[in-house]
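> Taken in order, the sequence shown gives residues -21 to -1, 1 to 689; the numbers are from mature numbering (1 follows the signal peptide of the UniProt record, and there is no 0).
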Amino acid sequence: MTARSFVFSLTAFFVFLPVAAIDAALDQDFLDMSLEDLLQVTVVSASKKEERLLQAPLAISTLTGDEIQRAGATSWGEALRLLPGLIVREQASGNFDVHVRGFDNVPPDSQLPFLANTLTLVMIDNRIVYNYFAGGTFWETLPVGLQDVKAIEVVRGPASPLYGPNAAAGVIHIITKKSEADGWHSSIHVEGGQDQTQLASLRSSYRTERFQWQLTARHEGRERTDSTYYSLVEGRDVASALDLVEFDTRQPSPLAPIRFPDQALAQDNQAATMLFQFTPNNEWRYDLGFGFEESEVQKAYFENGLTPLNTATSETRFVDFRAEKGGFRAHVAWLQGDQEALGVAGWAWEFDTLDAVLEYDHSVNDQFSIRPGLSYRKATYDGVFIAGEQDMTTVAASLRAEWNPSETMRVIAAVRADQYDTPDTTEVSTQLAVSYSPDEKQNLRFTYGKSNRAPFIIDTFQDTAFTTPTGLLFELRGNRDLDPLTSESLEIGWRYQPSAKAQFEVEAFYARNENYSDVNLIFAGPDGEFFRTTGVFDNLPVEPELTGATLSLTRSITETSYVRAFVTLTDTRINDHIKPPDTPPGGDGPPPDGDGGPPPPPPGLPPRELIDLNEGATPEFYGGIIFDQRFNKWHFNLNLYTYDGGVMKQVIEQIDLESKIIANTKLTYTFGKRGEVFLNIRNLNDDDAREFLYTDRIGRQVLGGFNLRF
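#1: Judging by CA-CA distance, which residue of Asp403, Ala52, Thr53, Gly115 is the nearest neighbour of aspartate 83?
#2: So the beta strand (DSSP E) isoleucine 604 belongs to, where does it begin and stop?
#3: Grab the span of the beta strand (DSSP E) containing alanine 71 for me, first residue to last.
#4: Run through the DSSP bridge pairs and tell me what glutamine 476 is partnered with.
#5: Would isoleucine 553 be called buried (16 or more neighbouring beta carbons within 10 Å of its own) or exposed?
#6: Output the distance between the C-alpha atoms of aspartate 666 and glutamine 441, rounded to the nearest integer angstrom.
#7: Smallest Cα separation from glutamate 386: which of Glu524, Gln34, Pro402, Leu18?
#8: Counting pairs of Cβ atoms below 8 angstroms between the region 487 to 501 and the region 524 to 541, do you hit three or more?
#9: How many angstroms separate the CA atom of valine 20 from the CA atom of asparagine 643?
#10: Compute the distance between the beta-carbons of phenylalanine 600 and aspartate 635, then report whether it is under 7 angstroms.
#11: Mapping the DSSP letters down to three states, classify alanine 245 as helix, strand or coil.
#12: Along the chain, where does the alpha helix (DSSP H) that runs through glycine 44 open and close?
#13: Bridge partners for lysine 27 per DSSP, in chain order?
#14: By Cβ distance below 6 angstroms, which residues in the same chain neighbour alanine 324 in space, the five residues on each side in sequence not counted?
#15: Below 8 angstroms, how does it come out for the region 660 to 678 and the region 201 to 212: are there three or more Cβ pairs, yes or no?
#16: Kindly indicate which three-state DSSP category residue 718 falls into: helix, strand or coil?
#17: Give a yes or no on contact between the region 494 to 510 and the region 467 to 478, applying the rule of three or more CB pairs nearer than 8 angstroms.
#18: My understanding is that leucine 455 touches glycine 514, with C-beta atoms under 8 angstroms, so please give their C-beta distance in whole angstroms.
#19: Quick check on DSSP: helix, strand or coil for tryptophan 263?
#20: Do the region 652 to 659 and the region 123 to 137 touch if we need at least three Cβ pairs shorter than 8 angstroms?
#21: Which of helix, strand or coil does DSSP assign to arginine 238?
#22: Using the beta-carbon count (16 or more within 10 Å), is proline 598 buried or exposed?
#23: What does DSSP give as the partner residue(s) for arginine 201 in the beta ladder?
#24: Is asparagine 458 closer than 7 angstroms to phenylalanine 502 when the C-beta atoms are compared?
#25: Have a look at the DSSP bridge pairing and note the partners of glutamate 338.
#26: Look up aspartate 497 in the DSSP assignment and say whether it is helix, strand or coil.
#27: Can you tell me which of Asp460, Tyr142, Gln346 puts its alpha carbon nearest to the alpha carbon of aspartate 400?
#28: What residue ranges within the region 602 to 677 form continuous beta strand (DSSP E) runs of no fewer than 3 residues, ordered along the chain?
#29: Threonine 99 and glycine 149 look like a contact to me (Cβ under 8 angstroms); what is the Cβ gap, rounded to whole Å?
#30: Going straight from the alpha carbon of residue 717 to that of asparagine 74, what length do you get?
#31: If you draw a straight line from the C-alpha of aspartate 6 to the C-alpha of glutamate 262, how long is it?
#32: Just to confirm before moving on: does the CB-CB distance between glutamine 256 and aspartate 241 stay below 7 angstroms?
#33: Using 7 angstroms as the threshold, is the C-beta distance between alanine 302 and aspartate 334 below it?
#34: Using the beta-carbon count (16 or more within 10 Å), is serine 430 buried or exposed?
#35: Under 8 angstroms by Cβ, that's how I've got phenylalanine 671 and glutamine 70 pegged, so tell me the actual separation to the nearest angstrom.
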């Protein structure tokens, strides 16, 4: 069965099954089952307050920790494939790139860091874990694991008015478990199998009426499923990283042993966290958390000129404090660490980020409430690429208002102003959501949002030059006057829950982005003894547009089984993209003037040509199906994820990605009241097509393990 035929079957499933599900739910008296609890779950990320998922005013989905465990997910990427509206691509075993709805590989023909998703904000219990050096999220550096998850909530669409910059395309909020009963409680998870996969985690907690303590620790080790590397210079796979050649000498790179000290390694992670929660009376609550992580992975993020993969290391630590009383919330988070792309010139840095938030939720009357807020963020980075220590400070004020003119209607308006010190500008994010519930079974919504993405350290402060043995000189400079990227989105949606046994949802959306940035070549030609190439970060004219729809359905089949299916259909237009030159730039003219004004076009640089593209890496469809069945002490789960093929373009190379289906299954047996053993098969159908730009081919993997609770 091909991926394209699968999507036709999935579409037919959506066309006919909702009617059958609704009729069955209305006419048949189903017995109680766990699905009922899943459909009654509450969420907090859509409004920053607890509410039923059915009534949430934004496009949001949630995945519980129990669902993650039943499905057998072993990594953040595998877990996120269980949610609608997410494009998830695996680069090496356990290492993923994740996009919300689309804008994958936009703009094309860019360097590797710009292929990663930088438009989505990831949080752990409201603590931001965004990387400000070049944007995005380093998933391997998260200090918590899947066994610690209570729920993952995904907001699709701009959410900066609620959560600040970098929530331009959405929010992925990881909510961790807390003890729900007094006394000591512990759990152990151990899993292993092919490719030297080793997964182990421990949770232990103690709770009284006023106090709670919790400890988590985990280890994750994986080897690559592929032994080759793709040479960007030669355009072919080579057997070893030591066979990768430099683009100017065509000789093996002397840096390869540094960049790839362990060619078999996919990832090696260790992390631990500790939480203290104190409730001295019925009004105040204090949380203090801290932790660390150490990781070494191979992933595609750093441009080394040889191959997409590179080894990256990270050592980070955090402290997280919050105080709450009634509608008041104070939150201070500190993150510090050292990160490096081994052997890649300049890609090593120390960093320190501080976030502080004050919010107050005030009900004016039964129909109207407001939530004013203030926030402060300072990100400090120190590295060779940026000529030492540099920092960015953002101060923001926000206001969210909710009006309930009747029991069936909600009107929500939010605005946030972020004052950046570099560039010196104030960016305003806005959101308007209108929600209407004609009855308890359905909810209709309309949402408009405008969000922005904060400038990156490297785009702003880069100041580096390096030479090659053959006389090439490369200069890269940042730009302190870049306009922050902005995203505007419109959305309409409908949720229908005819009973506790079925729910259907459809949403249609449109989004447009502007003010992307990348290196703009301003000189290429002879300069003394060198052939000099100089580039400066600048805003691009490109304005991509994304139009699409997401459909999802959850319904029971029997009293002990249910199915969940979802699909997203998209159409991407990339307007005013700068066409790559057909020939390498070069010339005999002098360097551009240094008068501070716009440099004149130097000799040898081709004129800028803008083109429109109707295709890209964002799949035209992607989605999945989950089937869950329990019987006595056994539990069976089968889940599939699929996406359409497309073209992914990097500055040197491009790849035609194939359509792909990934099927996973897990069989669990419960012994006693506190133990489980399981067999877990990932990529059951052994589809090893590459998912990212010439990264690893990842096929079937068989794992086994056990869980203990005491």
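Each residue gets a CB set at the ideal place from its N, CA and C atoms; glycine is no exception.
The relevant details are as follows:
#1: Gly115
#2: 600 to 610
#3: 65 to 71
#4: BP columns for glutamine 476 are empty, so no partner.
#5: buried
#6: 41 angstroms
#7: Selected option, being the one with the closest Cα: Gln34.
#8: yes
#9: 25 angstroms
#10: no
#11: strand
#12: Looking at the DSSP string, the run of the alpha helix (DSSP H) that includes glycine 44 is 44 to 50.
#13: Looking at the DSSP output, lysine 27 shares a beta bridge with no other residue.
#14: Phe445
#15: yes
#16: This structure gives no information on residue 718, because the portion of the chain shown stretches from -21 to 689.
#17: no
#18: Indeed, because the Cβ distance is near 5 angstroms, the residues count as touching under 8 angstroms.
#19: strand
#20: no
#21: Arginine 238 falls in the helix class under three-state DSSP.
#22: buried
#23: Gln246
#24: no
#25: Arg308, Gly352
#26: strand
#27: Asp460
#28: Correct list: 613 to 622, 625 to 628, 633 to 636, 639 to 650, 654 to 661.
#29: Between threonine 99 and glycine 149 the beta-carbon gap is near 5 angstroms, inside 8 angstroms, which marks them as a contact.
#30: Any question about residue 717 goes unanswered here, given that the chain covers just -21 to 689.
#31: Any answer about aspartate 6 is weak, because its pLDDT of 33 lies below 50 and its placement is not dependable; what the coordinates show is given next. The alpha-carbon atoms of aspartate 6 and glutamate 262 are separated by roughly 46 angstroms.
#32: no
#33: It is not a contact, given that the beta carbons lie outside the stated cut-off.
#34: buried
#35: 5 angstroms
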